[in-house]
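Read in order, the letters of the sequence shown correspond to residues 1280 to 1849 in the numbering used here. The beta carbon of each residue, even a glycine, is placed where N, CA and C say it ideally should be. Quick caveat, the model's predicted, so the values are computed rather than measured. Remarks on the structure that follows.
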Amino acid sequence: MRYEVWAPAAETVEVESGAVRHPMAPAELTGWWAAEVQGDEGDEYGFLLDGEGPFPDPRSLWQPAGVHGLSRIYDHGRFAWTDVLWRGRPLAGSVLYELHIGTFTPEGTFDAAIERLDHLAELGVDAVQLMPVAAFAGRHGWGYDGVHLWAVHEPYGGPDGLKRFVDACHGRGLAVILDVVYNHLGPSGNYLGRYGPYFTDAYKTPWGPAVNVDRPGSDEVRAFIVENALMWLRDHHLDGLRLDAVHAIEDHRAVHLLEELADAVSRLKAQTGRELFLIAESDLNDPRLVTSPEAGGYGLDAQWNDDFHHALHSALTGERQGYYCDFGSLGALAKTLTGAFFHDGSWSTFRGRTHGRKVDRLRVPGHRFLGFLQNHDQVGNRAAGDRISAGLPPRLLKVGAGLLLTAPFTPMLFMGEEWGASTPWRYFTDHEEPELARSVSDGRRREFTSHGWAMEDVPDPQDPRTHRCSVLDWAEPGEPRHHELLEWYRALIALRRAWPELTDTCLAEVVVEHDEDSLVLHRGRLLVVANLGAEPGAPLPAGEVLLASAPDVRPGDPLPGTSLAVVRVA
1280 MRYEVWAPAA
1290 ETVEVESGAV
1300 RHPMAPAELT
1310 GWWAAEVQGD
1320 EGDEYGFLLD
1330 GEGPFPDPRS
1340 LWQPAGVHGL
1350 SRIYDHGRFA
1360 WTDVLWRGRP
1370 LAGSVLYELH
1380 IGTFTPEGTF
1390 DAAIERLDHL
1400 AELGVDAVQL
1410 MPVAAFAGRH
1420 GWGYDGVHLW
1430 AVHEPYGGPD
1440 GLKRFVDACH
1450 GRGLAVILDV
1460 VYNHLGPSGN
1470 YLGRYGPYFT
1480 DAYKTPWGPA
1490 VNVDRPGSDE
1500 VRAFIVENAL
1510 MWLRDHHLDG
1520 LRLDAVHAIE
1530 DHRAVHLLEE
1540 LADAVSRLKA
1550 QTGRELFLIA
1560 ESDLNDPRLV
1570 TSPEAGGYGL
1580 DAQWNDDFHH
1590 ALHSALTGER
1600 QGYYCDFGSL
1610 GALAKTLTGA
1620 FFHDGSWSTF
1630 RGRTHGRKVD
1640 RLRVPGHRFL
1650 GFLQNHDQVG
1660 NRAAGDRISA
1670 GLPPRLLKVG
1680 AGLLLTAPFT
1690 PMLFMGEEWG
1700 ASTPWRYFTD
1710 HEEPELARSV
1720 SDGRRREFTS
1730 HGWAMEDVPD
1740 PQDPRTHRCS
1750 VLDWAEPGEP
1760 RHHELLEWYR
1770 ALIALRRAWP
1780 ELTDTCLAEV
1790 VVEHDEDSLV
1800 LHRGRLLVVA
1810 NLGAEPGAPL
1820 PAGEVLLASA
1830 PDVRPGDPLP
1840 GTSLAVVRVA
């Protein structure tokens, strides 16, 4: 077994295996150390730096004893895959489904999630987007405080559990996308700084020390990130990665880390013959992220579109506080439906400055923007974790779903959205260190009490009940009011698949007409007519009503209040 580790500042490095310490020698690459030591799969090991340690391996593939425990040898080649014929699914035309393994089922494991995959296949979605599964401290958490970026969280099922889940998804025709975090690491179990300059104090992030991708020593840090991304796609057979908060990655090199990642994934795609893609979460409203390198862009495949969410959410709910302050009108929603971004060089009241850049509607297709009515951020970062279904009647939820699934974007659902889940989805943690746990709980309360919430109404992230109440209730889809919404989602997704106009993502072809209460979205031969007002709207145009949220709607009839219809007019 050859052990290797990058520790450029250490004078001596040892590997501890089987309670025996073995000296390591400098390797050919500067700052790297290596040793040949007998080892088999499952053996524990760790590294000592100048006599301190042992610490887990920065590239550990298996952490069964948790983030503070020793690493274990894991062989990717031993897993028996059955997806040899799988070649992936293209992002264009797909419907994504975001889920959190720890709350998708009561068991909170990959194997339990496999038992619910038939529900997703019957719903009609094409890809599952997993929230982060890289090993993090404690048992329960969102996963964005991961510290072992190469290992899979053991309580979920470890590396073999993830592979069983991916294999099962592929067997049902579902692609799998993984959320990865390269802008920071969590505070508990983070040993990377002991090995080398993985972090820098030249920049700040809201969540912890910034990852060093452009300061001295950053060549190896960048290689660590790029090789990690390729590992997930190659060794775990994942189909894509969602890159968390890329606006928090400070990189002032001539070639940005995102370009480097996109190029590496493009090469792997050519080698494997599989569809592989990168999706960015970005607050920049910058279409260069999804513009090809030949046109001066970064070459990513898609990015989340918060502006579309804000416009749709505020139009449905009437909320105008915080970052919703510039949204709410159907004019704002119309602008995002035709141009992706609302803030495209325009004034942002929330930011107190102009923000964003216009999207070239002729050159940048709509599928490069992910649209959503809900996601983990937009639900979980509300004080009570309340879903949009907690405050809207079913009729208005159907209008929201209809606009989402007929928009010219790649739609993404959040787990349970399809049946209007009554369970909230809250921010929860399981930090073992008392001081850290108290700091997280107090910080959450301070954040929301400063916005007018009573302290007792802000759930404690460390309280086990906060996690438990966020678990989906799988009895709900069978209840009449939930089942009716579920059937609506199924019908909308089936309609997308049946009519190519709804997966045609040329933004230049999209036309929207609107007044104060109603909106008409032109999608080729189809018109999507939405009435958000309480009173009946204008008569539906002549043609064939393909789908309607209100019963017995016919051409020429006024569209009832808070309803939506899709009409073929040619």
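{"query": "Assigned exposure category for alanine 1392 - 16 Cβ within 10 Å defines buried", "result": "buried"}
{"query": "Selected residue, minimal CA-CA separation from glutamate 1320, among Trp1341, Ala1304, Phe1326 and Val1445", "result": "Trp1341"}
{"query": "Check whether leucine 1819 and glycine 1835 have beta carbons under 8 Å apart", "result": "yes"}
{"query": "Glycine 1600 - DSSP class collapsed to helix/strand/coil", "result": "With the sequence shown as reference, residue 1600 is identified as glutamine, and glycine is not the correct amino acid for it. Residue state, collapsed to three classes: coil."}
{"query": "Bridge partner(s) assigned by DSSP for asparagine 1810", "result": "Ser1797 and Ser1842"}
{"query": "Simplified DSSP state of aspartate 1605, which is helix, strand or coil", "result": "coil"}
{"query": "The region 1652-1667 / the region 1776-1789 touching (three or more Cβ pairs under 8 Å)", "result": "no"}
{"query": "Touch test, the region 1625-1635 against the region 1600-1607, Cβ-Cβ under 8 Å, three pairs minimum", "result": "yes"}
{"query": "Given alanine 1809 as reference, the closest of Asp1354, Ile1528, Ile1352 and Pro1839 once Cα atoms are compared", "result": "Pro1839"}
{"query": "Environment of arginine 1744 [buried if 16+ CB atoms lie within 10 Å]", "result": "exposed"}
{"query": "Residues bridged to histidine 1355 (per DSSP)", "result": "Answer by DSSP bridge pairing: none, since histidine 1355 is not bridged."}
{"query": "Best match in Gly1664, Ala1619 and Trp1626 for proximity to valine 1643 [C-alpha to C-alpha]", "result": "Ala1619"}
{"query": "Test: arginine 1357 CB closer than 8 Å to a CB of chain B", "result": "No chain B appears in this structure, which consists of one protein chain only."}
{"query": "Cutoff 8 Å; reference glycine 1572; Cβ partners in own chain excluding five residues on either side", "result": "Here residue 1572 is proline; the residue named in the question, glycine, does not match the sequence. Here the set comprises Glu1538, Ala1541, Asp1542 and Gly1578."}
{"query": "Member of Asp1796, Pro1476 and Ser1701 whose CA lies at the smallest distance from the CA of proline 1287", "result": "Pro1476"}
{"query": "Integer-rounded CB distance, given that glycine 1607 should sit under 8 Å from serine 1593", "result": "4 Å"}
{"query": "Separation of valine 1848 from glycine 1440, as counted between CA atoms", "result": "49 Å"}
{"query": "Closest Cα partner of valine 1471 within the set Pro1333, Asp1397, Pro1343 and His1531", "result": "The sequence given here has leucine at residue 1471, not valine. When only C-alpha atoms are compared, the closest one is Pro1333."}
{"query": "Completely contained beta strand (DSSP E) runs for the region 1350-1428, where each covers 3 or more residues", "result": "1375-1378, 1406-1409 and 1413-1415"}
{"query": "Arginine 1632 - partner residues in DSSP beta bridges", "result": "Ser1627"}
{"query": "Bridge partner(s) assigned by DSSP for alanine 1454", "result": "Ala1406"}
{"query": "Helix, strand or coil at lysine 1483 according to DSSP, with G and I counted as helix", "result": "strand"}
{"query": "First and last residue of the uninterrupted alpha helix (DSSP H) at isoleucine 1504", "result": "1497-1514"}
{"query": "In DSSP terms, what glutamine 1550 is bridged to", "result": "Paired residues: none, contrary to the question."}
{"query": "Cβ-Cβ distance between glycine 1468 and valine 1412 below 8 Å", "result": "no"}
{"query": "Cβ neighbour criterion (16 or more within 10 Å) applied to glycine 1330", "result": "exposed"}
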